[in-house]
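This report refers to the structure that appears directly beneath it.
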Amino acid sequence: MNLKDVRKKYLEYFEKQGHKIVPSASLLPENDPTTLFTGSGMQPMVPYLLGQPHPLGKRIADSQKCFRSQDIDEVGDNRHTTFFEMLGNWSLGDYFKKEHIKWMFEFLTKEIGLDPKRLYVTVFRGNEVFGIPRDTESVELWKKVFAESGIDSLDVDFSERDGMQNGRIFYCSEEKNWWSRSGVSEKMPIGEPGGPDSEMFWDFGVELKLHENSQYKNEQCHVNCDCGRFLEIGNNVFMEYLKTEKGFETLPNKNIDFGGGLERITAAQNNTPDIFLIDAFASTRKKLEELSNRSYDSISSDAKAFRVIMDHIRAAVFLIADGITPSNKDQGYFARRLIRRAVRFGQKIGIQETFCSQVGNEVIETYTEHYLNLEKQSKTILEKLDDEEKKFLKTLSKGEREFDKIFSEHGKISGQDAFLLYATYGFPVELTEEMAQEKGQEIDKQIFSQEFSKHQELSRAGSTEKFSGGLADHSIETVKLHTATHMLNQALRMVLGDHVFQRGSNITHQRLRFDFSHSDRLTDEQIKKVESIVNENIQKNLPVHFEILDLEEAKQKGSIGVFDDKYAQLGGKIKVFFIGESFSKEVCGGPHVENTGELGHFSILKEESVGAGVRRIKASLT
Ligand code: SER
Numbered sequence: 031m032n033l034k035d036v037r038k039k040y041l042e043y044f045e046k047q048g049h050k051i052v053p054s055a056s057l058l059p060e061n062d063p064t065t066l067f068t069g070s071g072m073q074p075m076v077p078y079l080l081g082q083p084h085p086l087g088k089r090i091a092d093s094q095k096c097f098r099s100q101d102i103d104e105v106g107d108n109r110h111t112t113f114f115e116m117l118g119n120w121s122l123g124d125y126f127k128k129e130h131i132k133w134m135f136e137f138l139t140k141e142i143g144l145d146p147k148r149l150y151v152t153v154f155r156g157n158e159v160f161g162i163p164r165d166t167e168s169v170e171l172w173k174k175v176f177a178e179s180g181i182d183s184l185d186v187d188f189s190e191r192d193g194m195q196n197g198r199i200f201y202c203s204e205e206k207n208w209w210s211r212s213g214v215s216e217k218m219p220i221g222e223p224g225g226p227d228s229e230m231f232w233d234f235g236v237e238l239k240l241h242e243n244s245q246y247k248n249e250q251c252h253v254n255c256d257c258g259r260f261l262e263i264g265n266n267v268f269m270e271y272l273k274t275e276k277g278f279e280t281l282p283n284k285n286i287d288f289g290g291g292l293e294r295i296t297a298a299q300n301n302t303p304d305i306f307l308i309d310a311f312a313s314t315r316k317k318l319e320e321l322s323n324r325s326y327d328s329i330s331s332d333a334k335a336f337r338v339i340m341d342h343i344r345a346a347v348f349l350i351a352d353g354i355t356p357s358n359k360d361q362g363y364f365a366r367r368l369i370r371r372a373v374r375f376g377q378k379i380g381i382q383e384t385f386c387s388q389v390g391n392e393v394i395e396t397y398t399e400h401y402l403n404l405e406k407q408s409k410t411i412l413e414k415l416d417d418e419e420k421k422f423l424k425t426l427s428k429g430e431r432e433f434d435k436i437f438s439e440h441g442k443i444s445g446q447d448a449f450l451l452y453a454t455y456g457f458p459v460e461l462t463e464e465m466a467q468e469k470g471q472e473i474d475k476q477i478f479s480q481e482f483s484k485h486q487e488l489s490r491a492g493s494t495e496k497f498s499g500g501l502a503d504h505s506i507e508t509v510k511l512h513t514a515t516h517m518l519n520q521a522l523r524m525v526l527g528d529h530v531f532q533r534g535s536n537i538t539h540q541r542l543r544f545d546f547s548h549s550d551r552l553t554d555e556q557i558k559k560v561e562s563i564v565n566e567n568i569q570k571n572l573p574v575h576f577e578i579l580d581l582e583e584a585k586q587k588g589s590i591g592v593f594d595d596k597y598a599q600l601g602g603k604i605k606v607f608f609i610g611e612s613f614s615k616e617v618c619g620g621p622h623v624e625n626t627g628e629l630g631h632f633s634i635l636k637e638e639s640v641g642a643g644v645r646r647i648k649a650s651l652t
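Here the sequence shown is numbered in the numbering used here, starting from 31 and rising by one per residue.
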């Protein structure tokens, strides 16, 4: 089977089990300032996992594009990629472990045809501190499905030292078998959903480990080992907890959040432990073989360079298609880093010409059938790849000149110099190192790393500031302020006129900030009037609800808001929130409170200008 077959089988199978299939969301999250990229299938589902009803029902499935910037340096082995597709299915307070485990097993073994003897699973061993029990329920369910395939499965406590212990089901700690967007339970912020999970692994066989080049050949093997024998192909999260100030409470619904690597399941199906050998990489691999005049071989020393380029250019193509331009800032920084890293690795395998757009073109051709926007944007994508590659080549020659200058002045290159070359010219430290070595010198990597971490902390602080648009989290205080923002928007229109439109919004759990079109300073009287309209309507205990409307219908009903707000779009329709029968109607993805009575007292803290024709109000609820 190729990637396309597996994707299709998955979506068809879950559709048959009553799921509505939704298209992949963008790689750039909407209304979620906590993260730069969509890194898992569940991210766009968070409001629904927290209890908001999904307009399409309680069973949803998709294949979601994901990008994990934190994995850039992992790429090079046989299974890590920064970009991948995650097959997902969700039960929003509908079915739970019993049905899900049965379906998952059936999908993998019957639809995809994986041999159940080569499947292994892990489950959560429990956490006494938080009162979360050992997941014996899942163990019984797994045992049942394995037994139906004639396999007697033993459950044992996971142990690196003791290895497989003839087990098929392993109880693991929170480090491995607890899932939330922020990792283990203690790292989760208040208001974040999470839960125990059960991961599934495919066994490629022991031969791999015994390969003479394997650094693991004398070690005990276990499912979480990195030797390449086992590949994690999917994760079933039993998302039933919410982190609160008191510890953990159960969510309003018991949810299922499944995420499976499409490429990895395809690799298991093809029985190739090297995911870069599946069909989705075939044409980029061939292109690179032509360009470098070398052949791809999973265990040769060139394999890493091939893999880095195949992964990075594929990721860059999808990022650019979703609106990113390589730059020094924010998401653009990652697109730049991917392309530049690919160029360097291209040099390592002897590619002599500019190549990124040539490889990018193969990516577009491979994926265009499923991702129609790639074809439409192919010109822009290829131009941006080419442009960035050329910029980097210039950088490299500037960096080399600077290197020579420093060297001839000081007779050496210090750790600080290496950092300066990196920060100013984007000159990679590995190159500085290589060039220093050619001159018989070592650079002080420790100093370089210190400088680098200082710089990273600064840029992290910068990006937190920058990504503070929209809602900072989904805590109840933030959600209340979000509803108050709609009320403020309406009150401003009533007091100042219909020229008032939202120009920006930023909400934390402490205050709202609302930018809107209006040229003059608000008088004290106008401010008081706006406040009292909001407070009067809060006191009326108005119900808040949403409707899914056709675009025209929404406009006819006098809804305001950003009509191309992607977050509010649902298969050609649009989500509109109503406060009361007609006090406020605004296009929005949510979340909101159910009744304005929950809001308390609304006060405007500050009113100021933020540029020509735009005013800003900061306000809070007490
Ligand atoms: N959220 C889980 C993951 O990303 C499963 O979808 O692994």
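Ideal Cβ placement from N, Cα and C applies to all residues, glycine included. Because the structure is a prediction, the values reported are computed rather than measured.
| query | Between residue 386 and residue 415, is the Cβ-Cβ spacing less than 7 Å? | reply | yes
| field | For residue 223: DSSP bridge partner residues | value | 272
| field | Residues of its chain near residue 282, where Cβ-Cβ distance is below 6 Å and the 5 sequence neighbours each way are ignored | value | 81
| residue 519 - DSSP class collapsed to helix/strand/coil | helix
| field | Collapsed DSSP secondary structure at residue 606 in the structure displayed | value | strand
| field | Same chain only: Cβ atoms within 7 Å of residue 515, ignoring 5 sequence neighbours per side | value | 535, 537, 542, 544
| task | Could you tell me whether the Cβ atoms of residue 573 and residue 519 are closer together than 7 Å? | result | no
| residue 118 - partner residues in DSSP beta bridges | 92, 289
| message | Taking 7 Å as the limit between beta carbons, can you name the residues of its chain near residue 203, skipping five residues before and five after? | response | 155
| request: Would you kindly check if the distance between the Cβ of residue 460 and the Cβ of residue 473 is under 7 Å? | output: no
| said: Can you tell me which residues fall inside 6 Å of ligand 1, judged by beta-carbon distance to its nearest heavy atom, and keep chain order? | reply: 70, 71, 72, 118, 209, 265, 267, 287, 288, 289
| query | Measuring CB to CB, does residue 310 end up less than 7 Å from residue 33? | reply | yes
| task | Measuring only between beta-carbons, confirm whether residue 139 sits less than 7 Å from chain D. | result | Here chain D cannot be found, since the structure has a single protein chain.
| Do residue 112 and residue 335 have their C-beta atoms closer together than 7 Å? | no
| query | Hey, residue 94 and residue 54: beta-carbon distance below 7 Å or not? | reply | yes
| query | Terminal residues of the continuous alpha helix (DSSP H) containing residue 321? | reply | 312 to 322
| query | Going by beta carbon distance, what residues of the same chain come within less than 6 Å of residue 137, once the five residues before and after it are set aside? | reply | 43
| DSSP on residue 407, reduced to helix/strand/coil? | coil
| said: Under DSSP, the beta strand (DSSP E) around residue 653 begins and ends at which residues? | reply: Only positions 31 to 652 of the chain appear in this structure, which leaves residue 653 out of reach.
| query | Should residue 286 and residue 121 be called a contact, given that it needs their Cβ atoms to be closer than 7 Å? | reply | yes
| said: Suppose you measure from the CA of residue 438 to the CA of residue 453; what does that come to, to the nearest Å? | reply: 21 Å
| What are the boundary residues of the beta strand (DSSP E) that residue 55 is part of? | Unbroken run through residue 55: none, as it is neither H nor E.
| query | Are the beta-carbon atoms of residue 148 and residue 233 separated by less than 7 Å? | reply | yes
| request: Count the CB pairs spanning the stretch 253 to 261 and the stretch 103 to 117 that are closer than 8 Å, and state whether there are at least three. | output: yes
| field | residue 580 versus residue 614 - alpha carbon distance | value | 18 Å
| Touching by the beta-carbon criterion (3+ pairs, under 8 Å), the stretch 353 to 364 and the stretch 319 to 332 | no
| request: Indicate the three-state DSSP secondary structure (helix, strand or coil) for residue 645 in the structure shown. | output: strand
| How far does the alpha helix (DSSP H) with residue 396 in it reach, from first residue to last? | 386 to 397
| query | Where DSSP assigns a beta bridge to residue 576, which residues make up the other side? | reply | 607
| task | Identify whether residue 262 lies in helix, strand or coil by the three-state DSSP scheme. | result | strand
| query | Going by beta carbon distance, what residues of the same chain come within less than 7 Å of residue 478, once the five residues before and after it are set aside? | reply | 445, 448, 449, 459
| field | residue 247 classed as buried or exposed, judged by whether at least 16 other C-beta atoms fall within 10 angstroms | value | exposed
| query | Going by other Cβ atoms of all chains shown within 10 Å of its Cβ, with 16 needed for buried, is residue 171 buried or exposed? | reply | buried
| message | Here's the rule: buried if 16 or more other CB atoms are within 10 angstroms of the residue's CB, otherwise exposed. What is residue 224? | response | buried
| 8 Å Cβ shell around residue 161 - same chain, five flanking residues per side excluded | 277, 278
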